[in-house]
Structure formats: structure tokens, C-alpha cells
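Going by the UniProt record's numbering, the letters in the sequence shown line up with residues 1 to 197, in that order.
First comes the structure, then the notes that go with it.
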Amino acid sequence: MTTLFFVRHGVTEENLQYTLIGHTDPSLHPQGIEQAHQVAKTLMNEEIEAVYTSPLKRCLETAECIAQTHHSLPVQICPSLQEINLGIVDGMSSFLAYERYRSLLDEALDESLTDFAFPGGERRSEALQRFHTALNKICSRHPHGHICVVTHGGLLGLWLATLHGDSLGRFRHWQPRHGTITRVERKNDSFLLIDNR
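Laid out in C-alpha cells, this is it:
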């Protein structure tokens with residue numbers, strides 16, 4: 001059995017300003033750094049044997065805080081753990097995006113639509129597939145280990161919605177808050193949510 005500790009990165013200035021960040025690559029806000037240290041403290045007594053992260057700074061900085069409390073484990077970068085590519089709205093304030101691309105934003109927020117992509121961006125199903133493939137590879141490398149995976153709210157929301165049999169259109173309901181931990185166990189190729197903290 002593999003135990004996975006999924007961590008949503010700490011908050012960024014862009015998160016606080018309601019900027020749409022997918023592949024946009026800001027660093028953590030001071031509040032996000034504090035969240036990363038708090039997560040590291042919470043996980044300190046877990047026997048984590050590997051730390052995997054999205055290559056984006058907000059995750060990498062969070063992962064480095066966690067790795068330091070586990071005998072300075074190397075942080076392993078996995079591009080498939082990065083956030084959904086938001087295409088033409090990536091890096092744009094949500095207010096400006098709504099002003100310029102109202103019909104697209106309405107479509108993106110429509111919970112009845114299971115799959116969606118902004119022009120130049122990535123479909124939800126594509127992002128979910130690459131994330132799921134990455135998780136299977138990580139678990140096959142650590143079939144009996146405790147693993148920390150630092151990633152993003154959009155991806156985690158999609159994956160957790162699927163895990164609970166919910167629609168991809170409702171992924172926002174499953175997004176963990178910044179700087180929180182979701183513990184999942186994988187046994188016999190099945191994932192089971194244990195807790196959120």
C-alpha cells in the first residue's frame with residue numbers, strides 16, 4: 001500500500017488578487033511561505049520517503065520546505081503535476097478575463113459541462129489523464145512507501161471529483177485550500193481518501 005500526502009501549494013500574491021494562474025509561475029506570498037512551513041511541521045513525524053512536485057515555483061518552494069524537515073530529501077520534479085494550462089486567460093486577473101471573455105468564463109463556470117478548455121489551453125480531461133498517469137508511476141516506484149506530492153488546486157479538484165464519482169464540471173467543490181494536506185491510500189490499484197487537514 002502506498003500512502004500519498006497531497007499538498008496544495010501555499011498561496012501566492014496572484015491568488016490573493018484573484019489572478020487566473022495555471023502555467024503562470026509566481027513565487028509564494030509571505031503568507032504562502034508560512035503555510036508551507038506549517039505543512040512541513042504537520043508532516044514532520046510522517047515517514048516520508050520521497051517528495052514529488054510540480055516544476056512551478058509555488059509548488060517547488062512548498063516542496064523544499066517539506067523536504068528540509070525530512071533529512072533534506074531531494075525534491076523530485078514531475079512536469080505532469082503542474083496546473084491546468086488556462087490558455088488565453090492564464091496570468092490575467094479574473095475581472096479582466098470576465099470583461100474580455102465573458103462567454104468563455106460563463107462556459108468554464110458551467111458545472112453541467114464536464115470538459116472544457118480555454119483557447120490555447122488544456123482540456124480538463126487531458127490534465128486529469130496526465131496527472132493520473134504520473135500518480136500511477138509514482139506509486140509503482142514506491143509500492144509500500146509514504147510519499148508527498150505537492151501540486152495544484154485545479155488538478156487536485158479534478159482528481160478528487162473523479163475519485164468521488166462527481167462530474168469534472170464540479171471540480172471546484174473538491175479543490176483543497178492552499179497549504180492543506182489530503183491523505184490518500186492506494187491499494188490494489190484503487191485510491192481511497194483518508195482525510196483532509
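Ideal placement from N, C-alpha and C gives every residue a C-beta, glycine not left out.
Source: prediction; values computed, not measured.
Could you tell me whether any Cβ in chain B is nearer than 7 Å to the Cβ of residue i?
i	result
leucine 193	Absence of chain B from the displayed structure is noted, only one protein chain being present.
Run through DSSP, which three-state label would residue i get?
i	result
serine 112	coil
proline 101	What sits at residue 101 in the sequence shown is tyrosine, not proline. Reduced to three states, the DSSP call for tyrosine 101 is coil.
cysteine 65	helix
arginine 123	coil
leucine 193	strand
Is the beta carbon of residue i less than 7 Å from the beta carbon of residue j?
i	j	result
histidine 23	valine 11	no
serine 125	tyrosine 18	no
glutamate 83	glycine 154	yes
cysteine 59	alanine 134	no
serine 27	lysine 57	yes
methionine 92	leucine 158	no
From residue i to residue j, what distance separates their C-alpha atoms?
i	j	result
glutamate 99	arginine 177	26 Å
threonine 69	threonine 62	12 Å
histidine 142	arginine 170	31 Å
alanine 127	alanine 161	13 Å
phenylalanine 116	leucine 86	10 Å
threonine 42	glutamate 34	12 Å
asparagine 15	leucine 168	22 Å
threonine 3	histidine 144	8 Å
proline 74	leucine 81	17 Å
cysteine 139	arginine 186	8 Å
Span of the beta strand (DSSP E) holding residue i?
i	result
isoleucine 48	48 to 53
arginine 186	181 to 187
threonine 42	From DSSP, threonine 42 is part of no beta strand (DSSP E) but of the alpha helix (DSSP H) over 30 to 43.
asparagine 15	Looking at the DSSP string, asparagine 15 is not in any beta strand (DSSP E); the run it does join, the alpha helix (DSSP H), is 13 to 16.
threonine 3	2 to 8
valine 89	Segment: none, valine 89 is in no beta strand (DSSP E) and carries neither H nor E.
glutamine 175	Segment: none, glutamine 175 is in no beta strand (DSSP E) and carries neither H nor E.
glutamine 76	75 to 77
Just to confirm the assignment, what range does the alpha helix (DSSP H) spanning residue i have?
i	result
leucine 155	153 to 163
Within 8 Å, do at least three Cβ pairs link the region 42 to 54 to the region 138 to 153? Flag = yes, the region 138 to 153 and the region 42 to 54 touch.
Three CB pairs or more closer than 8 Å across the region 111 to 124 and the region 180 to 190: At 8 Å Cβ cutoff, the stretches do not touch.
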